[in-house]
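*Asks:* The listed protein sequences derive, respectively, from chains A and B.
Residue numbers for the first sequence follow numbering that gives the first Met the number 0, beginning at 0 and rising by one.
Residue numbers for the second sequence follow numbering that gives the first Met the number 0, beginning at 0 and rising by one.
Structure incoming, see below.
Protein chains: 2
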Amino acid sequence: MTDETQRQAPTRRQMLTRIGVLAGSAGLYQAMTSLGHAMGTDFTGPPNLSGAKKGTRIVVLGAGLAGLLAAYELRKAGYTVQVLEFQNRGGGRNISLRGGDTLTELGGATQKVNFAPGNYINPGPWRIPYHHQGLLHYCQQFGVALEPFLQLNHNAYVHSSNAFDGKPVRYREYASDFFGYTAELIAKSIDQHKLDDAMTPDELAQMASAMRAWGGLNAEGKWAKGASSSLRRGFDKPQGGGMTGAPTYSDVFPRSEILKAHAWNDISFFERLDMQTTMFQPVGGMDNIGKGFMRQVHDIVRLNAKVSAIHQNDQGVQIQWNDMANGGAAQTTEADYCVCTIPLPILSQLDIQVSGPMKAAIAAVPYASSVKLGLEFKRRFWEEDEQIYGGISFTDQQISQISYPSAGTFTKGPAVLLGGYMFGPAAYDFAGMTPQERIENALKQGQKIHAQYRKEFSNGVSLAWSRMPWTLGCCSMWSEQARKAHYKDLVAIDNRIVLAGEHASYIGCWQEGAILSSLDAISRLHKRAMGAA
Amino acid sequence: MTDETQRQAPTRRQMLTRIGVLAGSAGLYQAMTSLGHAMGTDFTGPPNLSGAKKGTRIVVLGAGLAGLLAAYELRKAGYTVQVLEFQNRGGGRNISLRGGDTLTELGGATQKVNFAPGNYINPGPWRIPYHHQGLLHYCQQFGVALEPFLQLNHNAYVHSSNAFDGKPVRYREYASDFFGYTAELIAKSIDQHKLDDAMTPDELAQMASAMRAWGGLNAEGKWAKGASSSLRRGFDKPQGGGMTGAPTYSDVFPRSEILKAHAWNDISFFERLDMQTTMFQPVGGMDNIGKGFMRQVHDIVRLNAKVSAIHQNDQGVQIQWNDMANGGAAQTTEADYCVCTIPLPILSQLDIQVSGPMKAAIAAVPYASSVKLGLEFKRRFWEEDEQIYGGISFTDQQISQISYPSAGTFTKGPAVLLGGYMFGPAAYDFAGMTPQERIENALKQGQKIHAQYRKEFSNGVSLAWSRMPWTLGCCSMWSEQARKAHYKDLVAIDNRIVLAGEHASYIGCWQEGAILSSLDAISRLHKRAMGAA
């Protein structure tokens, strides 16, 4: 928006205030919806960078999504852009591993991926929530085809070492029983007048109806073996056709086992804003996003460029780097401004001329350790034997989950699932293992959920993010305290340098954070370059 | 299974009993899982019809899925099969409507479908649950490509005329608040020792943890405006990037409004066994299933054959029919046996020589009235303006729901959504309207959810199942009482005639009912023909 249009049009806030006054809060809510707010996204469209001074040079450090997007929009606006990237590929943590790929980690362990043609695992980002509108927008713009990512699957498993004899139960069984017992508890308490002072009589009556309907209680208000419970959790003998079609009901699990299992996080997982449906994934692998972004700017991306120093003065920035494709030859790139998207664990080790507060901010943000495992099996036994099509099984073991492929459903031949997704302490444990040990542990744990694991296993690969030399961690883990103390210092433009990336956002560990951070950073840098800020 | 193998192998029940004795109930459960039971499906594989006497003639009445499958399997087994079908197409209620199609209903109203090329609506069956393994099996076998049907969408709407000023709210907002208040009520009651006699102290402690985690309660155990609630229901200003990335929390709705809305059925809808994820739909329209089945047996299907009498004696069956493609010329088809899949409202009007009990059964099952509306809009405003990708919005108005297309997400140009799905009284109302009135009413109701409705509307079509002359209703609605009194009489082989179809199953109104009923009917008929039963 130019200054001129800003002056003429009422601001969004002014307009909302007017509508609010006229229409009451419901009117305000509706207005917010129709104005694009309350939509779960902070993306308002591509940046307006009009009026860029031709010839102004911007160097972008890092060819992950934040860097590539900055390069794309800045060049489009008329800036002269150069991107320097440490890896021999663009995309950053947006990555897919396929048969033939090689992965070398700190410490020297090297894995060759042996997946069958067409198979892949996304060891970094692997799903896109519906409200990540910035990323979805650029996927459209750059021709990246998307397909549904199957997240919630009622027929997948919930596994708790402490309940059900250590056997997995179906998500539908656990969730139905959990909801049913919860509803029963309230319905009974209302009947017994225990909640009379908690709600108005009207609310009590409504709540009693609600519990019966939502919980699937029987005519007596109980969660018990019968039609109503089996129509949620599944039958023992399912409904069929013809002479033998009559179903038989399934036993509900004892309430004590449901509670012992402690699996409520698993069934509320899908209610989390970031995990809600509808989700998407790129057709053919997450790295098709990185490739799509690279297509736009590949001609201004210098790969194998290892940055060692980021200097600036009143005249410009000077980037010192080594050309790793040519024996590490020392190079210098000069520019008027710098957008730096280098992950903080790396950046904190570089010689960077920024203010003390920004330096402190760079050092203040720990990165998550995370390990993901892709396991290839000879066939989709989870589909063929167990009717699990996509989605996630949860376990309280270190692997934490098994996620089944959303694509290729019903196909024959080898397929890859996510055999473990470790975060926190489990990730440290797994990162400390050899790749072979990681696979072995994933199989050992996974076979508690799928007895077919050993028999059907073909090969696997793991990626320990803390051992990737170009990021040294999975993503930023801002504490509330660090956020208060350092966030503004991290994102503020420091003379001629601005930082961008998921770490410079409130959507940490998501690609959308990189997108929105990048758009905000270049918008502010553009204003600075125009002399406006 | 032949008699010989039956004698040698222990029956499934015998085997389960043995395992149960040895391993306890958990062992039994695991064994049931690995033996293919407790899987939510009653499909055990294609029927074994070996040993058919060559030359035995079977006439199949009706070319819906039950009839086509019977024809396919019986011919494969060696029987001589002829199918007679009233319509000028196969597939029965498996149908898709596309631009150029014409739909004429009882009373004469004719609709020409004006959808853009590639667009369609499935006015009959439109989704396939993961546990409908019979149907899924034959889709694979007959080369019918499937894709995910997006069922649950947290960003779709819940609309109640009695709450929220009659405005729609997002599913995530309603569900999160409903769960949050429910959890808060229990957490508080436990704190106040109101539930001390309802559970053991251990269970009380576990339940208190469970409610906090599952409900997303804040540190004080409350469901209230803040980070924990906004991370479920959505933020006011969403999380963003860079300098302006800080989110602001959303207000929770008052508990009284959540209860007034009475929308608990909408948020438990997806917990119903038949509605759980993962669901599928055929790529390009549901009728690709009917077409896939037809490809197998098209050469033995006689279309435009209006059956008037089904007679039988000890020697065989005689079907009298009129060839509607040739001026209604009277025809007779003789066979040894008959598989009759004609919907009961039609069958009850025909001259059929079966026993009194079967006749009573045929007359005893009412069919649901149902109306579905397909509305084409100029663009996917639900995606572009409201970030709704697939899934269902619910309303307490007659249209009951709006379902957004699962396929073609992010594409430009006109698209079709399900503008209403009436069952019961609302269906009678809508069936009584002209097609134009139905569309007008659907728009009037739909615009309470989507303000863009009128502006973006292009054209629409409705199918009132009670007005389809070849079925006179949507599907069978067995009461428990009717089931007890008549089901066995309906499905028992009556001398040389056996009935099949969703009405002859415990999976009424689903294609799987037709599949499993058909497999059971032909398996029994085969035994009869072999002289074994």
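Every residue, glycine too, gets a C-beta built ideally from N, C-alpha and C.
(1) Quick check: is the beta carbon of L518 of chain B nearer than 8 Å to any beta carbon in chain A?
(2) Establish whether the CB of L524 of chain B and some CB of chain A are separated by less than 8 Å.
(3) Name the chain B residues that come within less than 7 Å of G291 of chain A, Cβ to Cβ?
(4) So, with DSSP's three-state summary, where would you put T181 of chain A?
(5) In the stretch 256-330 of chain A, which residue ranges form an unbroken alpha helix (DSSP H) of at least 4 residues, counting only runs that do not cross its ends?
(6) Check each residue of the stretch 110-141 of chain A: if its Cβ is closer than 9 Å to any Cβ of chain B, include it; give the result in chain order.
(7) Establish whether the CB of W213 of chain B and some CB of chain A are separated by less than 8 Å.
(8) Can a CB atom of chain B be found closer than 8 Å to the CB of K224 of chain A?
(9) My assumption, with CB atoms under 8 Å, is that A51 of chain B sits in contact with H525 of chain B. Please give the rounded CB distance.
(10) Helix, strand or coil: how does DSSP classify K526 of chain B here?
(11) H131 of chain B: buried (16+ other C-beta within 10 angstroms of its C-beta) or exposed?
(12) Starting from the beta carbon of N152 of chain B, find every residue of chain A whose beta carbon is closer than 7 Å, and list them in chain order.
(13) So for M198 of chain B, helix, strand or coil by DSSP?
(14) In chain order, what residues of the same chain have a beta carbon less than 6 Å from the beta carbon of D176 of chain B, not counting five sequence neighbours either side?
(15) Answer yes or no: does any C-beta atom of chain B fall closer than 8 Å to that of Y173 of chain A?
(16) For S307 of chain A, go through chain B and note every residue whose CB falls closer than 9 Å to its CB, in chain order.
(17) What is the DSSP secondary structure of D534 of chain B, counted as helix, strand or coil?
(18) Chain A partners of V490 of chain B, CB-CB under 7 Å?
(19) Would you check if the distance between the CB atom of C508 of chain B and the CB atom of A367 of chain B is smaller than 8 Å?
(20) Count the other CB atoms, across all protein chains shown, that sit within 10 Å of the CB of V282 of chain A; report buried if there are 16 or more and exposed otherwise.
(21) Going by DSSP in three states, A30 of chain A sits in which element: helix, strand or coil?
(22) Is there contact between the stretch 493-500 of chain A and the stretch 333-342 of chain A, where contact requires at least three CB pairs shorter than 8 Å?
(23) Taking the alpha carbon of N458 of chain A as the reference point, which residue from A:N47, A:S49, A:G99 and A:G63 has its own alpha carbon closest?
(24) Hey, I391 of chain A and A155 of chain A: beta-carbon distance below 8 Å or not?
(25) Do you know offhand how far K377 of chain B's Cα is from N118 of chain B's?
(26) Indicate the three-state DSSP secondary structure (helix, strand or coil) for E436 of chain B in the structure shown.
(27) By how many angstroms is the C-alpha of L471 of chain A removed from the C-alpha of A513 of chain A?
(28) Let me see if you follow: with CB-CB separation under 8 Å, is W263 of chain A close to chain B or not?
(29) On the three-pair Cβ rule with 8 Å, is the stretch 259-271 of chain A touching the stretch 208-220 of chain A?
(30) Alpha carbon to alpha carbon, what distance is there between R92 of chain A and F380 of chain A?
(31) When you compare only the Cα positions, how much space is there between L515 of chain A and P124 of chain A?
(32) In angstroms, rounded to a whole number, what distance separates the CA positions of G133 of chain B and E511 of chain B?
(33) Compute the Euclidean distance between the alpha carbons of H36 of chain B and E385 of chain A, then round it to the nearest angstrom.
(34) What in chain B is Cβ-close to T408 of chain A, meaning under 9 Å?
(35) Return yes when the Cβ of V296 of chain A is within less than 8 Å of the Cβ of L60 of chain A, no when it is not.
(36) Applying the criterion that 16 or more other CB atoms from any shown protein chain within 10 Å of the CB defines a buried residue, is G439 of chain B buried or exposed?
*Replies:* Put simply:
(1) yes
(2) no
(3) Those do not exist, as G291 of chain A stays about 14 Å from chain B at its closest Cβ, beyond 7 Å.
(4) helix
(5) 263-267 and 286-296
(6) Y129, H130, Q132, G133, L135, C138 and Q139
(7) At a cut-off of 8 Å between C-beta atoms, W213 of chain B counts as an interface residue with respect to chain A.
(8) no
(9) Yes, they are in contact, since the Cβ atoms of A51 of chain B and H525 of chain B sit about 7 Å apart, within 8 Å.
(10) In this structure, K526 of chain B counts as helix in the three-state DSSP scheme.
(11) buried
(12) T276 and T277
(13) In the structure shown, the three-state DSSP call for M198 of chain B is coil.
(14) V251, F252 and I257
(15) no
(16) Result: empty, since nearest Cβ-Cβ is about 26 Å, beyond 9 Å.
(17) Any property of residue 534 of chain B remains undetermined from this structure, which presents chain B solely from 0 to 532.
(18) G241 and M242
(19) In contact: C508 of chain B and A367 of chain B (Cβ atoms closer than 8 Å).
(20) exposed
(21) Residue confidence for A30 of chain A is low, a pLDDT of 39 falling below 50, so the modelled location carries little weight; the figure read from the coordinates is stated next. The answer is helix: DSSP assigns A30 of chain A an H, G or I state.
(22) yes
(23) Ranking A:N47, A:S49, A:G99 and A:G63 by Cα distance to N458 of chain A puts A:G99 first.
(24) Cβ distance < 8 Å, so I391 of chain A and A155 of chain A count as in contact.
(25) 12 Å
(26) helix
(27) 17 Å
(28) yes
(29) no
(30) Straight-line measurement puts the Cα of R92 of chain A at about 30 Å from the Cα of F380 of chain A.
(31) C-alpha separation (whole angstroms): 16 Å.
(32) 6 Å
(33) Confidence at H36 of chain B is low in this model, with a pLDDT of 40, below 50, so the placement of that residue should be treated as unreliable; the coordinate-derived value is given next. Roughly 10 Å separates the two Cα atoms.
(34) L145, E146, P147, T277 and F279
(35) no
(36) First, the residue type needs correcting, since residue 439 of chain B is Glu and not Gly in the sequence shown. Burial call: exposed.
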